[in-house]
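Engineer: All residue numbers for the sequence shown refer to full-length UniProt numbering, where the first residue is 1 and numbers rise by one. We put the CB at the ideal spot given by N, CA and C, even for glycine. Owing to the predicted nature of the structure, the values given are computational and were not obtained by experimental measurement.
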Amino acid sequence: MAAREPDLAYERELLAAGGALVAMDEVGRGAIAGPVAVGAVFLSAEAAASDPVPVSGVRDSKLLSPSRREALAALIEDCGAGPLGIIGAVGFAEPGEVDTVGIVGALRLAGLRALEGLPESDRILLDGSHDWLSAPAAPDLFSAADDDAPLPPVTMRVKADLTCWSVAAASILAKVRRDAVMTELALAWPGYGFERNKGYGTAEHTAGLAELGLTPAHRASWAIQTTRGAR
Numbered sequence: 001m002a003a004r005e006p007d008l009a010y011e012r013e014l015l016a017a018g019g020a021l022v023a024m025d026e027v028g029r030g031a032i033a034g035p036v037a038v039g040a041v042f043l044s045a046e047a048a049a050s051d052p053v054p055v056s057g058v059r060d061s062k063l064l065s066p067s068r069r070e071a072l073a074a075l076i077e078d079c080g081a082g083p084l085g086i087i088g089a090v091g092f093a094e095p096g097e098v099d100t101v102g103i104v105g106a107l108r109l110a111g112l113r114a115l116e117g118l119p120e121s122d123r124i125l126l127d128g129s130h131d132w133l134s135a136p137a138a139p140d141l142f143s144a145a146d147d148d149a150p151l152p153p154v155t156m157r158v159k160a161d162l163t164c165w166s167v168a169a170a171s172i173l174a175k176v177r178r179d180a181v182m183t184e185l186a187l188a189w190p191g192y193g194f195e196r197n198k199g200y201g202t203a204e205h206t207a208g209l210a211e212l213g214l215t216p217a218h219r220a221s222w223a224i225q226t227t228r229g230a231r
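(1) Apart from the five residues on each side of it in sequence, which residues of its chain come closer than 7 angstroms, Cβ to Cβ, to Arg-4?
(2) Using the Cα positions of His-218 and Ile-32, report the straight-line distance between them to the nearest angstrom.
(3) Only counting runs of 4 or more residues, tell me where the alpha helix (DSSP H) segments fall wholly within the segment 171–215, in order along the chain.
(4) To which residues of the same chain is Gly-208 closer than 8 angstroms at the C-beta, ignoring the five residues directly before and after it?
(5) DSSP on Leu-72, reduced to helix/strand/coil?
(6) Assuming Arg-108 is part of the alpha helix (DSSP H), what are its boundary residues?
(7) For a test of the three-state rule: what should DSSP assign to Glu-120, helix, strand or coil?
(8) Find out if the Cβ-Cβ distance for the pair Val-167, Ala-23 is shorter than 7 angstroms.
(9) What is the DSSP secondary structure of Ser-44, reduced to helix, strand or coil?
(10) Looking at C-beta atoms only, is the number of pairs between the segment 85–95 and the segment 120–130 that lie closer than 8 angstroms three or more?
(11) Excluding the 5 residues preceding and the 5 following Tyr-200 in the sequence, name in chain order all residues of the same chain whose CB lies nearer than 6 angstroms to its CB.
(12) Could you please give the first and the last residue of the uninterrupted beta strand (DSSP E) stretch that includes Arg-157?
(13) Rounded to the nearest angstrom, what separates Val-41 and Glu-77 at their Cα positions?
(14) Answer with buried or exposed for Val-181, where buried requires no fewer than 16 other C-beta atoms within 10 angstroms of its C-beta.
(15) Which of the three DSSP states, helix, strand or coil, is assigned to Gly-229?
(16) Among Pro-83, Glu-97, Arg-29, Ala-160, whose alpha-carbon lies nearest the alpha-carbon of Ser-44?
(17) Is it right to say Pro-35 is buried, meaning 16 or more other beta carbons lie within 10 angstroms of its own, or is it exposed?
(18) CB-CB under 7 angstroms to Ser-134, same chain, minus the five flanking residues each way: which ones, in chain order?
(19) Ordered along the chain, which non-local residues of its own chain (more than five positions away) have a Cβ less than 8 angstroms from that of Pro-119?
(20) Do Trp-189 and Leu-8 count as a contact pair if the criterion is CB distance below 7 angstroms?
(21) Let me confirm a value: His-205 is counted as buried when at least 16 other C-beta atoms fall within 10 Å, else exposed. Which label applies?
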């Protein structure tokens, strides 16, 4: 039986009293090279009430081919010019930031940067069971520029990218944008297969590390552990 496509039922519940939410999903958490990306989609109560969904075929980015993701990302971005005012944004945290503040801190940085490109909302919807967006355990690691605005309430939902249209849309935007970055990094740093592995620790990538060493595109602490484990 084919999996049910994500819909807006849960978003409608969250926005029953009106207002707007921002749905978020991350891409690149487990990579050893390249940035971590957080996609964000702003959705008003009016947009959540739309039936059918604003763009059909949207689902978790991992379930889609690259060409299909790119086509859907363009359609999602086009929603910003439509009457529903659905707006997408993507924020990044760079490899050096992952090494400095850890992956959870980097996710937060990327999420805050994505929010900078969106209108204010009344709630944030995150995929998963862990709130990585709220105040960090060590706030001194964050600059005032990245951490000076209070956040609206955060709601977590496990497997939201499979059930919530807005979260699935955010995952597509993040995946397409990050894949494009990794393709550019492949040109700057050949020999690691970034255009294929997207920075994840595949055999090809590990072999490149063993032969060529680290690049500025690598999360140094993670990549060193990977090469040690391969010996």
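Structural biologist: Based on what the coordinates show:
(1) Looking up residue 4 in the sequence shown gives position 4. The beta carbon of Arg-4 sits closer than 7 angstroms to none of the beta carbons in its chain outside the five residues before and after it.
(2) Residue mapping note: residue 218 aligns to position 218 of the sequence shown, counting from 1. Residue mapping note: residue 32 aligns to position 32 of the sequence shown, counting from 1. Approximately 6 angstroms, taken between the alpha carbons.
(3) For the segment 171–215, whole alpha helix (DSSP H) runs of length 4 or above, ordered along the chain, are 194–197, 203–212.
(4) Numbered from 1 along the sequence shown, position 208 holds the residue referred to as residue 208. The residues are Gly-191, Tyr-192, Gly-193.
(5) Looking up residue 72 in the sequence shown gives position 72. Helix at Leu-72.
(6) Residue mapping note: residue 108 aligns to position 108 of the sequence shown, counting from 1. Taken as a continuous stretch (DSSP letters only), the alpha helix (DSSP H) holding Arg-108 covers 95–115.
(7) One-based indexing of the sequence shown puts residue 120 at position 120. Note: Glu-120 maps to coil in three-state DSSP.
(8) Counting from one through the sequence shown, the residue named residue 167 turns up at place 167. Counting from one through the sequence shown, the residue named residue 23 turns up at place 23. Closer than 7 angstroms, so yes.
(9) The residue labelled residue 44 in the question sits at position 44 within the sequence shown. The answer is strand: DSSP assigns Ser-44 an E or B state.
(10) no
(11) Walking along the sequence shown from the start, residue 200 turns up at place 200. A distance below 6 angstroms between beta-carbons, with the five flanking residues on each side excluded, links Tyr-200 to the following residues of its chain, in chain order: Ala-31.
(12) Your numbering for residue 157 matches position 157 in the sequence shown. That run of the beta strand (DSSP E) goes 154–157.
(13) By one-based count along the sequence shown, residue 41 stands at place 41. By one-based count along the sequence shown, residue 77 stands at place 77. C-alpha separation (whole angstroms): 10 angstroms.
(14) Against the sequence shown, residue 181 aligns to sequence position 181. Of the other Cβ atoms in all chains shown, 16 or more fall within 10 Å of the Cβ of Val-181; this residue is therefore buried.
(15) In the sequence shown, residue 229 corresponds to position 229, counting from 1. Unreliable placement is indicated for Gly-229, whose pLDDT of 48 sits below 50; no coordinate value is reported for it.
(16) Mapped onto the sequence shown, residue 44 falls at position 44. When each option's Cα is compared against that of Ser-44, the closest is Pro-83.
(17) Here residue 35 is taken as the residue at index 35 of the sequence shown, counted from 1. A residue is called buried when at least 16 other Cβ atoms come within 10 angstroms of its Cβ; Pro-35 meets this threshold and is buried.
(18) On the sequence shown, residue 134 is found 134 positions in, with the first residue counted as 1. For Ser-134, where only same-chain residues beyond five positions count, the Cβ hits under 7 angstroms are Leu-151, Val-154.
(19) Against the sequence shown, residue 119 aligns to sequence position 119. Cβ within range, chain order: Ala-20, Phe-42, Ile-87.
(20) Within the sequence shown, the letter at position 8 stands for residue 8. Within the sequence shown, the letter at position 189 stands for residue 189. Their beta carbons are not under 7 angstroms apart, which means Leu-8 does not touch Trp-189 by this criterion.
(21) Numbered from 1 along the sequence shown, position 205 holds the residue referred to as residue 205. Per the 10 Å Cβ criterion, buried.
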